[in-house]
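A.B. asks:
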Amino acid sequence: MSSQPWVETIYIAHGEPDCRVYAMPYPMGHNQRPSDMRLKEQMDWREVAKLGPAQELIYIEPGYSDLAARIVGRESGGHFQVTRNAG
Numbered sequence: 008m009s010s011q012p013w014v015e016t017i018y019i020a021h022g023e024p025d026c027r028v029y030a031m032p033y034p035m036g037h038n039q040r041p042s043d044m045r046l047k048e049q050m051d052w053r054e055v056a057k058l059g060p061a062q063e064l065i066y067i068e069p070g071y072s073d074l075a076a077r078i079v080g081r082e083s084g085g086h087f088q089v090t091r092n093a094g
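Count along the sequence shown from 1, add 7, and you get the number used in this note's numbering.
Structural data, given as structure tokens:
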């Protein structure tokens, strides 16, 4: 793995009653939505957390715990980009 920083997109998927949170190993383009991604690209998504019905954190992978405050309370369908560094 490279020691260079990289950009990931964190996506809170729609769900009932829970919302799965995915890390996409690439940034989203301007005005692009996760639903615009082809199935082949979606295969690279990795589930890293889950939110309950009140948008509370049910679980989060340890490598993403630094993002918990940015994930909790977010509405489903939203996404944001983060710069990650090799640990």
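Glycine residues also receive a C-beta, built at the ideal position from the N, C-alpha and C atoms.
Per DSSP, what are the beta-bridge partners of residue 64 in this structure?
C.D. replies: Indexing the sequence shown from 1 puts residue 64 at position 57. Answer is 58.
A.B. asks: Spell out the partners DSSP gives residue 15 in its beta bridges.
C.D. replies: By one-based count along the sequence shown, residue 15 stands at place 8. Residue 15 is bridged to 89.
A.B. asks: When you measure from the CB of residue 70 to every non-hydrogen atom of the ligand MN, does any distance come out below 7 Å?
C.D. replies: Ligands are entirely absent from the displayed structure, and the ligand MN is therefore not among its contents.
A.B. asks: Could you say if the stretch 9-25 and the stretch 75-94 meet the contact criterion of at least three C-beta pairs nearer than 8 Å?
C.D. replies: yes
A.B. asks: Apply the 10 Å Cβ neighbour rule to residue 68 and answer buried if 16 or more other Cβ atoms are within range, or exposed otherwise.
C.D. replies: Start at 1 with the first residue of the sequence shown, and residue 68 comes out as number 61. Its Cβ having fewer than 16 others within 10 Å, residue 68 is exposed.
A.B. asks: When DSSP builds the beta bridges, which residues end up paired with residue 29?
C.D. replies: Taking the first residue of the sequence shown as 1, we reach residue 29 at position 22. In DSSP, residue 29 forms a bridge with 18, 54.
A.B. asks: Determine the closest residue to residue 66 out of 27, 15, 17, 13, with distance taken between C-alpha atoms.
C.D. replies: As a first step, residue 66 must be located in the sequence shown, where it is residue number 59. It is 27 whose Cα lies nearest to the Cα of residue 66.
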